[in-house]
Each structure stands twice: as C-alpha cells, then as structure tokens.
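Structure, as structure tokens:
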Amino acid sequence: MSHRPGQQPGGRVTSAKIVIAGGFGVGKTTLVGSVSEITPLTTEAIMTSAGVGVDDTRSVPNKTTTTVAMDFGRISIDRDLILYLFGTPGQTRFWFMWDELVRGAIGAVVMVDTRRLADCFAAIDFFEHRKLPYLIAINQFDGQQYHNAQDVRDALAISSDVPVVSCDARNRESTKQVLISLVEYVLSMRRTRTGAPA
Amino acid sequence: MPDREEPTGALVRPYAVTRGRTRPRLEIAIEALVETTVRGRSAGTSGRGGHGREHQHIASLCDGKVQSLAEIAARMRLPLGVARVLIADMAADGLVAVYEPTSFESNDAVGTELLERVLSGLRRL
Numbered sequence: 002m003s004h005r006p007g008q009q010p011g012g013r014v015t016s017a018k019i020v021i022a023g024g025f026g027v028g029k030t031t032l033v034g035s036v037s038e039i040t041p042l043t044t045e046a047i048m049t050s051a052g053v054g055v056d057d058t059r060s061v062p063n064k065t066t067t068t069v070a071m072d073f074g075r076i077s078i079d080r081d082l083i084l085y086l087f088g089t090p091g092q093t094r095f096w097f098m099w100d101e102l103v104r105g106a107i108g109a110v111v112m113v114d115t116r117r118l119a120d121c122f123a124a125i126d127f128f129e130h131r132k133l134p135y136l137i138a139i140n141q142f143d144g145q146q147y148h149n150a151q152d153v154r155d156a157l158a159i160s161s162d163v164p165v166v167s168c169d170a171r172n173r174e175s176t177k178q179v180l181i182s183l184v185e186y187v188l189s190m191r192r193t194r195t196g197a198p199a
Numbered sequence: 673m674p675d676r677e678e679p680t681g682a683l684v685r686p687y688a689v690t691r692g693r694t695r696p697r698l699e700i701a702i703e704a705l706v707e708t709t710v711r712g713r714s715a716g717t718s719g720r721g722g723h724g725r726e727h728q729h730i731a732s733l734c735d736g737k738v739q740s741l742a743e744i745a746a747r748m749r750l751p752l753g754v755a756r757v758l759i760a761d762m763a764a765d766g767l768v769a770v771y772e773p774t775s776f777e778s779n780d781a782v783g784t785e786l787l788e789r790v791l792s793g794l795r796r797l
C-alpha cells in the first residue's frame with residue numbers, strides 16, 4: 002500500500018461494490034447501464050486448469066485456459082466514494098470469479114425472469130452459502146409481470162425477510178430504487194445484528 | 673495485448689507483459705482505486721522494469737482521476753490478473769497510490785457509516 006501523505010485531506014478515497022447476478026439474458030448489463038456514469042465496461046479474467054475447483058477437466062488432456070468476461074459500471078456517490086456494479090459472469094460454473102466478486106461486496110441483486118426462474122437458483126445458493134445479503138429483482142419485460150412477488154418468493158423458497166421487488170432494468174429510476182432497497186436491507190440487517198448479543 | 677481470436681497461447685501471451693509473473697506483489701481488489709502519484713506523473717517514459725509503455729498508459733489513465741483495477745484492465749484490454757501485477761509493481765515503486773475498498777465484514781461502525789453514505793448518494797442520483 003502506498004498512500005501519499007497529505008493526499009486526501011478530507012479523508013481517503015474509497016470504493017464499494019454491488020454484485021448483479023442472474024441468468025443469461027435477464028438484463029444484468031441493461032440494469033448496470035441504466036445507472037452507470039460510464040458506458041458499461043467489460044473486464045476479463047483468465048482461469049487456468051490449476052485454478053479449477055469444481056470444473057471437471059479430466060476429459061481435457063492439456064492444461065486449459067478459460068476467459069471469463071464481466072460487465073461493470075460506476076457511480077460516483079460523492080467526491081471520495083465510488084460505487085461499482087459488477088455483473089456476474091453468465092455461466093455460474095465460473096465460481097473462481099464469483100469468489101472475487103463477492104469479497105467485500107455490500108450485497109447482491111439477483112435478477113429474475115419469471116419465465117425462467119430456475120436460472121437464478123445457483124446464484125441464490127451461492128450468496129446464501131457466502132452469507133452475502135441479496136434481494137430478488139423481478140425484471141418486467143415489456144412492462145408485463147407474469148407472476149406476483151409472493152409466487153416468486155414461494156417458488157424460490159427464500160427466507161421471508163429477503164426483499165422481492167419488481168423493476169424495469171432499462172429505467173434509471175427503477176434501477177435506482179432496486180439499489181436503494183438493497184442498501185436499506187443491508188443496513189437493517191446490520192442494525193438487527195448489532196442489537197443482538199455477539 | 674491478448675488476441676481474442678488466437679485459440680492457443682492465451683495464457684502465455686497476456687502474461688508476457690509481466691515477464692511471465694502471475695503473482696502480484698500486492699493483492700489488489702477488483703474495485704480498489706488507483707491514482708497516479710506526483711512521482712508517477714513525472715516518471716514519464718523512463719518507466720522502470722522494462723514496462724515503460726504499460727506503466728505510462730496506466731499513469732496517464734489514473735492521472736487526476738481515480739480508476740479501479742477493473743476499469744484499468746478493461747480500458748487497456750488486459751486480463752485482470754495482468755493489470756494487477758503491473759499496478760502492484762507501480763505501487764511498490766511509488767508511481768501510483770492504491771486505495772483498498774472498505775470491507776463490510778470487519779469494522780461495523782466504519783461499514784455502517786459508508787453504507788449510509790452510499791444510500792444517501794443513491795437517493796440523490
């Protein structure tokens with residue numbers, strides 16, 4: 002770490018991140034793009050077979066490499082605080098990247114397309130296992146809602162305190178509300194925890 | 673630069689930029705912020721360790737404008753791991769400052785204060 006003395010008189014600059022998960026084509030990049038101050042960027046990570054934990058590479062004779070791409074956006078909260086929104090890699094088998102994404106994250110938005118509910122099961126399992134707070138955001142394609150929130154909650158078998166909200170990922174205000182709901186939820190969880198015996 | 677169309681050597685070629693080193697001298701989070709220091713700005717073309725071009729590119733990207741590791745990697749079209757090694761080298765040489773993110777797991781008071789700032793910032797958007 003190399004902080005220059007006296008560089009940040011008003012406190013150090015810092016960042017935070019929120020993870021945006023969900024199945025392929027559910028609208029993750031659209032959601033990121035609707036609030037990001039930059040056009041969503043794509044960053045790539047390389048996985049070698051040495052880094053493979055769950056993938057079965059026995060059928061592959063040589064060391065293999067896989068490139069995993071993630072889209073992300075940026076929101077300047079204030080002069081010293083930048084919030085990043087990271088979309089998870091489309092395929093949930095790239096767990097090595099998910100580990101890095103959830104480390105230190107505020108929480109996650111799990112985007113759901115009610116026509117393909119099962120696409121988000123792996124993400125929910127992962128966040129529950131990592132104890133990362135998450136909420137469910139039902140993306141309303143074409144303004145239609147195919148199921149109500151309670152149906153989705155029942156189908157996903159999630160705890161009653163996990164928020165389930167509807168959104169239009171293309172709409173900035175709607176995306177903003179999703180992020181606000183997540184941060185409010187995380188804050189309320191922390192306050193509950195603080196009130197409870199350690 | 674990695675060639676996306678190239679089917680073989682995808683591992684070797686990106687890391688040629690770091691002379692094959694895949695382990696950074698400093699662990700840097702994907703959202704950690706990087707800012708060019710006065711020294712980094714004045715280092716110009718005399719980049720040390722033979723990475724002059726990449727170092728110069730990073731120094732100009734982060735000059736007066738903090739950028740995350742993810743942004744630098746994306747804008748330079750380098751894999752995350754490669755950008756991390758380069759930035760860690762630059763930090764060790766005092767060419768950039770790296771600001772690690774606040775963890776939401778460790779210190780409750782600091783984390784809660786930051787969450788409240790994020791919340792009010794989002795409401796202002």
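Protein chains in written order, with our numbering: chain B, 2 to 199; chain D, 673 to 797. Even for Gly, the Cβ is constructed at its ideal location relative to N, Cα and C. Predicted model, so just to flag it, every value in this text is computed and none were measured.
Asked	Found
7 angstroms Cβ shell around D:Thr709 - same chain, five flanking residues per side excluded	Gly766, Leu767, Val768 and Ala769
Neighbour flag for B:Thr15 against chain D, beta carbons, 9 angstroms	yes
Closest residue to B:Arg154 among B:Thr115, B:Ala109 and B:Leu183 (Cα-Cα distance)	B:Thr115
Inter-residue Cα distance where the pair is B:Ala138 and B:Val113	6 angstroms
Which listed residue (B:Val33, B:Phe142, B:Gln178 and B:Leu133) has its alpha carbon closest to that of B:Val163	B:Leu133
With 16 other Cβ atoms within 10 Å as the buried cut-off, status of D:Ser792	exposed
Cβ contact check for the segment 695-715 of chain D and the segment 753-764 of chain D: 3 or more pairs under 8 angstroms	yes
Expected contact under 8 angstroms - CB spacing of B:Ala170 and B:Thr89 to nearest Å	Going by Cβ atoms, the distance from B:Ala170 to B:Thr89 rounds to 15 angstroms, so no, they are not a contact pair.
Cβ neighbour criterion (16 or more within 10 Å) applied to B:Asp100	exposed
Exposure label - D:Phe776; buried when at least 16 CB within 10 Å	buried
For B:Asp100, the first and last residue of its enclosing alpha helix (DSSP H)	Trp96 to Val103
Within 9 angstroms, strictly: CB atoms of B:Ile107 and B:Leu32	no
Short CB-CB distance (under 9 angstroms) between D:Thr690 and chain B	no
C-beta atoms of B:Ile19 and B:Ala109 nearer than 9 angstroms	yes
Members of the segment 694-713 of chain D near chain B, C-beta cut-off 8 angstroms	Leu698, Ala701, Ile702, Glu703, Ala704, Leu705, Glu707, Thr709 and Val710
Same chain, Cβ closer than 7 angstroms to B:Gly28, neighbours up to 5 away in sequence not counted	Met112, Asn140 and Ala170
Rounded separation between D:Arg795 and B:Phe142 - CA only	25 angstroms
Complete runs of the alpha helix (DSSP H) confined to the segment 119-186 of chain B [at least 4 residues]	122-131 and 150-157
Extent of the continuous alpha helix (DSSP H) to which B:Thr30 belongs	Lys29 to Val36
Chain-ordered chain D contacts of B:Asp79 [CB-CB under 8 angstroms]	Arg789 and Gly793
Status (buried if at least 16 other CB within 10 Å, exposed otherwise) for B:Gly52	Note that B:Gly52 has pLDDT 44, beneath the 50 cutoff, so the model's placement of it is unreliable and no number is given.
Contact with chain D by B:Phe97, beta-carbon distance below 9 angstroms	no
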